[in-house]
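K.L.:
Starting off with a structure, shown below.
In full-length UniProt numbering, the protein residues as written are 1 to 595.
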């Protein structure tokens with residue numbers, strides 16, 4: 001990322017490393033999968049094809065990321081256990097969980113047609129993810145027992161529920177009938193009423209699925225004389241076991257003993273709250289602006305393999321924009337997003353309680369949905385190119401305490417956009433002219449903005465006339481009229497029309513925020529006189545206009561002031577050390593006060 005005066009905003013990023021010797025477990029589960037299974041008409045209580053799709057995706061994860069050494073899943077959930085010594089992405093929880101959930105989502109969407117050839121994917125599925133930091137092998141053992149017990153308990157309940165529904169009960173009647181029943185009573189119900197021996201049902205339904213890595217000798221190629229070349233490789237396989245947390249099962253697999261350690265005792269019961277206490281739970285600071293930034297992983301290679309146009313592929317950027325627009329529409333707490341290249345930042349409103357401000361829930365939901373939409377919309381934008389392998393993204397959450405710092409963050413990203421785009425434009429023009437990539441890099445070393453502009457002119461390019469999307473990135477937000485419609489929709493006769501727009505403009509200058517005050521704040525309908533007055537300190541050349549109790553930046557001159565010297569209360573003015581200054585900017589219907 002480029003250096004600029006806005007670099008200081010990086011200091012707000014908080015380290016979330018999972019320290020050794022803790023084991024890292026990433027647990028993912030379907031987001032809204034009850035509805036997803038209904039819309040796509042999954043069989044009840046278990047859809048074997050859907051479970052096989054989940055297993056196939058998990059195998060792909062294990063093959064893509066060698067540090068994942070054990071996996072366990074059931075229903076719409078999967079757990080990924082990393083080897084004890086893993087340094088995967090420096091053990092940063094946000095990176096680890098977002099990468100796993102993004103890749104899993106990507107594979108799920110890409111493989112859908114393989115498993116459901118006669119079912120259209122009606123909307124983009126997504127998943128949540130969280131990191132469980134297991135302090136010891138005993139905690140890991142307890143975690144696995146908890147998940148498998150949960151699998152059995154839920155499956156037994158679902159099997160009874162759907163058998164009752166099939167025989168004519170309503171769902172509410174069936175639930176009432178099952179309320180308070182024990183495991184034995186449910187087994188008796190299945191056998192006595194429906195002649196179902198629960199223990200003979202598909203073990204995948206009852207026990208869930210384990211994925212283990214075993215060492216096998218594969219023939220990787222043949223020599224010229226025809227003799228095979230063999231290599232020792234790790235192969236993932238699916239296993240169904242009654243007790244994955246049992247000493248007998250675990251200690252019989254040498255790979256698990258080597259990478260994770262042995263179980264010394266069998267355990268028969270575990271308290272869920274005990275295991276939940278090890279969840280790597282990060283609650284984001286209240287009353288701060290939450291920014292979720294996602295980045296494409298290894299997108300240099302991805303863009304090469306898919307032959308993106310250099311230095312900018314318009315269709316690929318439009319695909320990113322379409323994904324971001326869909327995310328903004330899906331999550332109302334997102335008030336603004338800014339994107340460039342393979343990166344997007346999503347700003348959540350300051351008073352957001354989205355997922356109780358749990359970082360893992362917010363980051364994973366946004367990253368997963370963005371990834372899912374990227375796959376589903378690929379053919380809409382990249383018409384003549386097949387998606388050759390699953391793309392994926394990482395994500396992180398950062399909190400910014402004020403509007404000024406939030407705007408500096410966005411300015412930092414736009415400055416980065418300009419610097420990188422200008423460099424890349426020069427670089428690829430030099431390469432097109434016959435220089436090697438290393439020669440082009442050396443030629444550009446130490447050059448300034450003016451030098452690059454002169455260089456581009458030699459190639460007949462006026463940098464300032466290049467498409468604004470390349471130079472300034474993309475800003476996505478609800479337009480002002482539609483926000484008004486959204487506010488009015490709850491009133492009788494209100495219009496509920498919603499529309500998200502994308503613009504390519506300068507968001508560093510105050511003029512953008514002055515033109516769009518509704519982006520960061522809800523505006524009241526308070527009326528003002530035809531002559532607007534504001535209070536500013538004598539040392540200030542600018543002021544901030546706000547709705548009472550909110551600090552809406554609305555600079556009419558050089559910038560905004562964060563002073564709290566003045567306030568307006570029911571039309572009366574409390575002036576501490578300010579001089580009365582007439583404002584030459586009239587804004588109706590909002591009330592202007594010093595923030």
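C-beta: ideal position from N, C-alpha, C; glycine also.
Can you tell me whether residue 197 is buried or exposed? The criterion is at least 16 other CB atoms within 10 Å of its CB, across all chains shown.
P.N.:
It is exposed - the Cβ of residue 197 has fewer than 16 other Cβ atoms within 10 Å.
K.L.:
Rounding to the nearest angstrom, what Cα-Cα distance links residue 335 and residue 347 in this structure?
P.N.:
Taking the straight line from one Cα to the other gives about 6 Å.
K.L.:
Can you tell me whether residue 255 is helix, strand or coil according to DSSP?
P.N.:
Of the three classes helix, strand and coil, the one that applies to residue 255 here is helix, per DSSP.
K.L.:
Tell me the DSSP bridge mates of residue 399?
P.N.:
According to DSSP, which records beta bridges pairwise, residue 399 is partnered with 290.
K.L.:
What did DSSP end up calling residue 222 once you bin it into helix, strand or coil?
P.N.:
Three-state DSSP puts residue 222 in a strand.
K.L.:
Rounded to whole angstroms, what's the CA-CA distance from residue 478 to residue 518? Just pull it up for me.
P.N.:
Each residue's Cα considered, the two are about 9 Å apart.
K.L.:
Note the first and the last residue of the continuous beta strand (DSSP E) segment covering residue 338.
P.N.:
Counting along the chain, the beta strand (DSSP E) containing residue 338 begins and ends at 334-340.
K.L.:
Once the 5 residues before and after residue 6 are set aside, which same chain residues still bring their CB inside 8 Å of it?
P.N.:
Excluding positions up to five away in sequence, the list reads 408, 409, 411, 412, 415.
K.L.:
At which residues does the alpha helix (DSSP H) containing residue 279 begin and terminate?
P.N.:
No alpha helix (DSSP H) holds residue 279; DSSP gives it neither H nor E.
K.L.:
Please state if the CB of residue 275 and the CB of residue 146 are separated by a distance shorter than 8 Å.
P.N.:
Yes. Within cutoff.
K.L.:
Do residue 283 and residue 327 come within 8 Å of each other at the CB atom, strictly closer than that value?
P.N.:
No, these two residues do not count as a Cβ contact at 8 Å.
K.L.:
If you count every other CB in all the chains shown that lies within 10 Å of the CB of residue 100, and 16 or more means buried, which is it?
P.N.:
Result: buried.
K.L.:
Give the list of continuous alpha helix (DSSP H) stretches no shorter than 4 residues that lie fully inside the region 307-388.
P.N.:
If we require 4 residues or more, the alpha helix (DSSP H) runs fully inside the region 307-388 come out as 314-330, 359-376, 378-381.
K.L.:
Secondary structure at residue 245, three-state DSSP: helix, strand or coil?
P.N.:
Coil, per DSSP.
K.L.:
Taking 8 Å as the threshold, find out whether the region 110-127 comes into contact with the region 177-184 through three or more Cβ pairs.
P.N.:
Taking 8 Å as the limit for Cβ pairs, the verdict is that the region 177-184 does not touch the region 110-127.
K.L.:
In angstroms, rounded to a whole number, what distance separates the CA positions of residue 476 and residue 315?
P.N.:
Using only the alpha carbons, I get a separation of about 17 Å.
K.L.:
Looking only at its chain, what residues have a beta carbon closer than 8 Å to the beta carbon of residue 378, apart from the 5 residues adjacent to it on each side?
P.N.:
Closer than 8 Å at the Cβ level, and outside the excluded window around residue 378, lie 319, 387.
K.L.:
Determine the burial state of residue 125: buried for a count of at least 16 other Cβ atoms within 10 Å of its Cβ, exposed for fewer.
P.N.:
Flag for residue 125 reads buried.
K.L.:
Can you give the Cα-Cα distance for residue 229 and residue 214, rounded to whole angstroms?
P.N.:
One C-alpha to the other measures close to 19 Å.
K.L.:
Say whether the region 123-137 touches the region 29-39, bearing in mind that this needs 3 or more beta-carbon pairs closer than 8 Å, one atom from each stretch.
P.N.:
Verdict: yes, contact present.
K.L.:
Would you kindly report the start and end of the unbroken alpha helix (DSSP H) that includes residue 49?
P.N.:
From DSSP, the alpha helix (DSSP H) with residue 49 extends over 48-64.
K.L.:
Please look up how many angstroms separate the CB atoms of residue 261 and residue 83, rounded, as I've assumed it's under 8 Å.
P.N.:
Residue 261 to residue 83, Cβ: 10 Å. No contact.
K.L.:
Give every residue of the same chain whose Cβ lies closer than 7 Å to the Cβ of residue 295, excluding the five residues on either side of it in the sequence, and list them in chain order.
P.N.:
These residues qualify, in order along the chain: 342, 343, 393, 394.
K.L.:
If we ignore side chains and look at the alpha-carbon of each, how far apart do residue 106 and residue 449 end up?
P.N.:
Spanning the two alpha carbons is a distance of roughly 38 Å.
K.L.:
How would you call residue 218, buried or exposed, if buried means at least 16 neighbouring beta carbons within 10 angstroms?
P.N.:
That one is exposed.
K.L.:
Whole angstroms is fine: what's the gap from residue 501's alpha carbon to residue 339's?
P.N.:
The straight-line gap from Cα to Cα measures roughly 13 Å.
K.L.:
Name the DSSP beta bridge partners of residue 27, please?
P.N.:
Note: residue 27 sits in a beta bridge opposite 79, 130.
K.L.:
Would you kindly report the start and end of the unbroken beta strand (DSSP E) that includes residue 228?
P.N.:
Segment 228-239, the beta strand (DSSP E) holding residue 228.
K.L.:
Any idea what DSSP makes of residue 415, helix, strand or coil?
P.N.:
Helix.
K.L.:
Counting C-beta neighbours from all protein chains within 10 Å, is the total for residue 459 16 or more, i.e. buried, or is it exposed?
P.N.:
So residue 459 counts as exposed.
K.L.:
Should residue 349 and residue 333 be called a contact, given that it needs their Cβ atoms to be closer than 8 Å?
P.N.:
Yes. Within cutoff.
K.L.:
Among the residues of its own chain, which have a CB less than 8 Å from the CB of residue 241, if the five just before and after it don't count?
P.N.:
Answer for residue 241: 207, 210, 249, listed in chain order.
K.L.:
Are the region 32-51 and the region 184-200 in contact at 8 Å, needing three or more beta carbon pairs?
P.N.:
The region 32-51, when compared against the region 184-200, does not touch it at the 8 Å Cβ threshold.
K.L.:
Answer yes or no: do residue 280 and residue 93 have a C-beta to C-beta separation smaller than 8 Å?
P.N.:
Result yes, Cβ atoms of residue 280 and residue 93 sit closer than 8 Å.
K.L.:
With a threshold of 7 Å on Cβ separation, who are the neighbours of residue 171 within its own chain once the five nearest residues in sequence on each side are excluded?
P.N.:
If we look at residue 171 and ignore the five residues flanking it on each side, its Cβ neighbours are 165.
K.L.:
Could you tell me whether the region 264-278 touches the region 151-159, using the rule of 3 or more Cβ pairs below 8 Å?
P.N.:
No contact exists between the region 264-278 and the region 151-159.
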